[in-house]
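Report on the following structure.
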Amino acid sequence: MRIRLFIQLAVLICVLAHPSFAFAAQEGNSLKQRQSQLKAIQNQISQQQQSLVDTSKQRKQLLALLKQDEKAIARVAAKINQTKQQLKQVKSKITELEKKANQLERLKKSQQDSLAKQLASAYLAGNHDYTKMLLSQQNPSKVERMLVYYQYLNNARIAALKQLKQTQAELDTLQQQRTREQTQLNALVIEQESQAKNLNKEKAQRQQTQLQLQRTLRSKNEQLEQLQIEEASLIRVIEQALKEVKANPDMTGLAKLRKKLKWPTKGRIRNSFGSTRRGQIKWKGITLAAPEGQNIHAIAPGKVIFADWLKGFGMVLVIDHGKGYMSLYGYAQALLKASGDTVQKNEPIALVGLSGGQTQPGLYFEIRHKGQAVDPAKYCRR
Numbered sequence: 000m001r002i003r004l005f006i007q008l009a010v011l012i013c014v015l016a017h018p019s020f021a022f023a024a025q026e027g028n029s030l031k032q033r034q035s036q037l038k039a040i041q042n043q044i045s046q047q048q049q050s051l052v053d054t055s056k057q058r059k060q061l062l063a064l065l066k067q068d069e070k071a072i073a074r075v076a077a078k079i080n081q082t083k084q085q086l087k088q089v090k091s092k093i094t095e096l097e098k099k100a101n102q103l104e105r106l107k108k109s110q111q112d113s114l115a116k117q118l119a120s121a122y123l124a125g126n127h128d129y130t131k132m133l134l135s136q137q138n139p140s141k142v143e144r145m146l147v148y149y150q151y152l153n154n155a156r157i158a159a160l161k162q163l164k165q166t167q168a169e170l171d172t173l174q175q176q177r178t179r180e181q182t183q184l185n186a187l188v189i190e191q192e193s194q195a196k197n198l199n200k201e202k203a204q205r206q207q208t209q210l211q212l213q214r215t216l217r218s219k220n221e222q223l224e225q226l227q228i229e230e231a232s233l234i235r236v237i238e239q240a241l242k243e244v245k246a247n248p249d250m251t252g253l254a255k256l257r258k259k260l261k262w263p264t265k266g267r268i269r270n271s272f273g274s275t276r277r278g279q280i281k282w283k284g285i286t287l288a289a290p291e292g293q294n295i296h297a298i299a300p301g302k303v304i305f306a307d308w309l310k311g312f313g314m315v316l317v318i319d320h321g322k323g324y325m326s327l328y329g330y331a332q333a334l335l336k337a338s339g340d341t342v343q344k345n346e347p348i349a350l351v352g353l354s355g356g357q358t359q360p361g362l363y364f365e366i367r368h369k370g371q372a373v374d375p376a377k378y379c380r381r
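Under numbering that gives the first Met the number 0, read the sequence shown as residues 0 to 381, first letter to last.
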């Protein structure tokens, strides 16, 4: 029996060491390559289901693949969000142009009516021969007044014609601009549809990877061990961020903002601070159930000190608010800010997602002071 187990173990090590199963962790792999990698790992796991060999290697490979999948989703989601903003701006611009065009049309109508009245008045007054008027026996002062009056009417008609011509030119220019904006709008709609298809493909790939990853965490002990690893990774990130943070007198921290801050996004609290997560592990923040793609806002002004994928927490963004205060936003679908960016209160910084191996969309949110997690409910009001 021992010899048989030894042979199975030796064969398994050879299989795992084979170059065809080497995991390509380079960023930017195509969807097709990631699908191929997943299939290779699935074959390994299928061959080992009856074996006592540890599956930690496959788990690491799947986590690396999950990271690629979720980063690919983040890129596409960020593009979609950018396209949405562009669509919003273009639509607003078209509305503004239409409003201005309507104003010009009303002005043009008014000018046309005014000019028509002037022409009708001139017609009713008759055709005046200024030479005869000068040679007539009428009072010279009366003739002079008539000449001034007719000259005034003539100048008024010329001015009215110029205004009408200028209004028509503005309308023509406005129409050309509106046509260009509409063309851009149509192109953005097509681009958004294409991006949506790409996002669905990336999500499908991510779901396959996620399901396969869950298969490697069969027991509660394995799940607990994984949570401990994830928590340790987060602590390392926080400690590293604290070392790199430089004091900024313009950032006043959160001490004076207790119960004055808004929650980063609208949603229902799924897990509260301090509640049991698994075993002895407690929640160091809160999770808010919210729709995928919904905006996540910065709770206060600060500087982004971390913006990347983190095991167990997915796409994560950390903001330094000064005086040792930090806020952390995880499980994001996409990050809208990069490390080093300055953010303002209530500014959109990310989109709600289910990255990090989550099965339901939401936001993982922490507030820390000098590296220690504190209850976000003490700072954010309902």
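Where is the CB? At the ideal position from N, CA and C, for every residue including glycine.
Please read these numbers as outputs of a predicted model, since none were measured by experiment.
(message) For I304, tell me which candidate among Q36, N154, I237 has the shortest Cα-Cα distance.
(response) Position 305 of the sequence shown, counted from the first residue, corresponds to residue 304. Here the closest residue by C-alpha is I237.
(request) Starting from the Cα of L210, find the closest Cα among A254, H368, K56, L61 and give me that residue. (result) Translated into the one-based positions of the sequence shown, residue 210 becomes position 211. Comparing Cα-Cα distances from L210 to each of A254, H368, K56, L61, the minimum goes to L61.
(request) Tell me whether S271 sits in a helix, a strand or coil according to DSSP, three-state version. (result) Locating residue 271 in the sequence shown gives position 272, where the first residue counts as 1. In the structure shown, S271 falls within a coil segment according to DSSP collapsed to helix, strand and coil.
(request) May I ask you to report which of helix, strand or coil DSSP gives A254? (result) Here the question's residue 254 lines up with position 255 in the sequence shown. Note: A254 maps to helix in three-state DSSP.
(message) Based on DSSP bridge pairs, tell me the residues matched to P347.
(response) Start at 1 with the first residue of the sequence shown, and residue 347 comes out as number 348. Beta-bridge pairing links P347 to H296.
(request) Return the chain-ordered list of same chain residues with a C-beta closer than 7 Å to the C-beta of K202, the five sequence neighbours on each side being excluded. (result) Counted from its first residue, the sequence shown places residue 202 at position 203. Answer for K202: I72, listed in chain order.
(request) Select from Q34, S29, R381 the residue whose C-alpha is nearest the C-alpha of Q207. (result) Taking the sequence shown and counting its residues from 1, one reaches residue 207 at position 208. Checking every option, the nearest Cα to that of Q207 belongs to Q34.
(request) Compute the minimum distance between the beta carbon of L210 and the heavy atoms of the ligand HEM, and state whether it is under 8 Å. (result) Among the components modelled here there is no ligand, and therefore nothing to report on the ligand HEM.
(request) Please go through the same chain and pick out, in chain order, the residues whose beta-carbon is closer than 6 Å to the beta-carbon of L335, but skip the five residues on each side of it. (result) Reading the sequence shown from its first residue, position 336 is the one you call residue 335. So the list reads P347, I348, A349, once near-sequence residues are dropped.
(request) Let me know the secondary structure DSSP gives T264 once reduced to three states. (result) Residue numbering aside, residue 264 sits at position 265 when the sequence shown is read from its first letter. Three-state result, T264: coil.
(message) With the cut-off set at 9 Å, would you say L353 and R277 are in Cβ contact?
(response) By one-based count along the sequence shown, residue 353 stands at place 354. By one-based count along the sequence shown, residue 277 stands at place 278. No. Outside cutoff.
(request) Could you check what DSSP says for L335 in three-state terms: helix, strand or coil? (result) Translated into the one-based positions of the sequence shown, residue 335 becomes position 336. The DSSP-derived three-state label of L335 is coil.
(message) Considering only DSSP beta bridges, list what Q34 is partnered with.
(response) The residue labelled residue 34 in the question sits at position 35 within the sequence shown. None, per the DSSP bridge assignment.
(message) Can you list, in chain order, the residues of its chain with a C-beta nearer than 6 Å to that of G252? Leave out the 5 residues immediately preceding and following it.
(response) Walking along the sequence shown from the start, residue 252 turns up at place 253. The answer, listed in chain order, is H320, G321, K322, Y324.
(request) Evaluate L118 with the Cβ neighbour count: other Cβ atoms within 10 Å of its Cβ, from every protein chain shown; 16 or more gives buried, anything less gives exposed. (result) Sequence index remark: in the sequence shown, residue 118 carries index 119 (1-based). By the neighbour-count rule (16 or more Cβ atoms within 10 Å), L118 is not buried but exposed.
(request) On the DSSP bridge assignment, give the partners of R367 in chain order. (result) As a position in the sequence shown, residue 367 is number 368, starting the count at 1. R367 is bridged to M325, A372.
(request) Measuring alpha carbon to alpha carbon, tell me which of G311, V244, S29 ends up nearest G339. (result) Locating residue 339 in the sequence shown gives position 340, counting from the first residue. Nearest of G311, V244, S29 to G339, Cα basis: V244.
(message) Beta-carbon within less than 6 Å of G266's beta-carbon, same chain only, minus the 5 sequence neighbours each way: which residues are those?
(response) What you label residue 266 is simply residue 267 of the sequence shown in a count that begins at 1. Excluding sequence neighbours, G266 sits near L287, A288, A289.
(message) In the DSSP output, which residue or residues are listed as bridge partners for G352?
(response) Residue 352 sits at position 353 when you count from the first residue of the sequence shown. Note: G352 sits in a beta bridge opposite G361.
(request) Would you tell me roughly how many angstroms separate the C-alpha atoms of A333 and W262, rounded to the nearest one? (result) Your numbering for residue 333 matches position 334 in the sequence shown. Your numbering for residue 262 matches position 263 in the sequence shown. Near 18 Å, if we compare the C-alpha coordinates of W262 and A333.
(message) Spatial neighbours of Q183 within its chain, please: C-beta separation below 7 Å, excluding the five flanking residues on both sides.
(response) Sequence index remark: in the sequence shown, residue 183 carries index 184 (1-based). Apart from sequence neighbours up to five positions away, the residues of its chain that approach Q183 with a beta-carbon distance below 7 Å are V89, ordered along the chain.
(request) With DSSP as the reference, label Q84 as helix, strand or coil. (result) Position 85 of the sequence shown holds residue 84. Here Q84 sits in helix by DSSP.
(request) Going by CA-CA distance only, name the one from E104, A155, N197, A299 that's closest to K78. (result) Along the sequence shown, one-based indexing puts residue 78 at 79. For K78, the nearest C-alpha among the options comes from N197.
(message) Run through the DSSP bridge pairs and tell me what G301 is partnered with.
(response) Here residue 301 refers to the residue found at position 302 of the sequence shown. Answer is V342, bridged to G301.
(request) Would you check if the distance between the CB atom of S271 and the CB atom of I285 is smaller than 9 Å? (result) Taking the first residue of the sequence shown as position 1, residue 271 is located at position 272. Taking the first residue of the sequence shown as position 1, residue 285 is located at position 286. Yes, these two residues count as a Cβ contact at 9 Å.
(request) Return the first residue and the last residue of the beta strand (DSSP E) that A288 is part of. (result) Translated into positions along the sequence shown, residue 288 becomes position 289. Segment 285-288, the beta strand (DSSP E) holding A288.
(request) Could you give the DSSP three-state label for E245: helix, strand or coil? (result) Mapped onto the sequence shown, residue 245 falls at position 246. Note on residue identity: the sequence assigns Lys, not Glu, to residue 245. Coil, per DSSP.
(request) Could you give the DSSP three-state label for R383: helix, strand or coil? (result) Residue coverage of the chain in this structure runs from 0 to 381, which leaves residue 383 outside it and unanswerable.
(request) Let me know if E104 comes out buried or exposed under the rule of 16 or more other beta-carbons within 10 Å of its beta-carbon. (result) Taking the sequence shown and counting its residues from 1, the one referred to as residue 104 is at position 105. Label assigned to E104: exposed.
(message) Measuring only the C-alpha atoms, how far is L241 from E97?
(response) Stepping through the sequence shown from its first residue, residue 241 is reached at position 242. Stepping through the sequence shown from its first residue, residue 97 is reached at position 98. Looking at the two C-alpha atoms, the distance is approximately 52 Å.
(message) Quick check: the Cα distance between P375 and Q84, rounded to an integer number of angstroms?
(response) Here the question's residue 375 lines up with position 376 in the sequence shown. Here the question's residue 84 lines up with position 85 in the sequence shown. About 30 Å.
(request) Name, in chain order, the residues that DSSP records as bridge partners for L316. (result) In the sequence shown, counting from the first residue as 1, residue 316 sits at position 317. For L316, which the question treats as bridged, DSSP gives the partners A306, Y328.
(request) Just tell me which of R381, A337, L327 has its CA closest to the CA of R367. (result) Position 368 of the sequence shown, counting from 1, holds the residue named residue 367. For R367, the nearest C-alpha among the options comes from L327.
(request) Using alpha carbons as the reference points, say which of L65, T358, Q110 lies closest to A158. (result) Residue mapping note: residue 158 aligns to position 159 of the sequence shown, counting from 1. The shortest C-alpha separation from A158 is found at Q110.
(request) Figure out for me which residue from N247, M314, K255 has the closest Cα to the Cα of R74. (result) By 1-based counting over the sequence shown, the position of residue 74 is 75. With respect to the C-alpha of R74, the residue from N247, M314, K255 having the closest C-alpha is M314.
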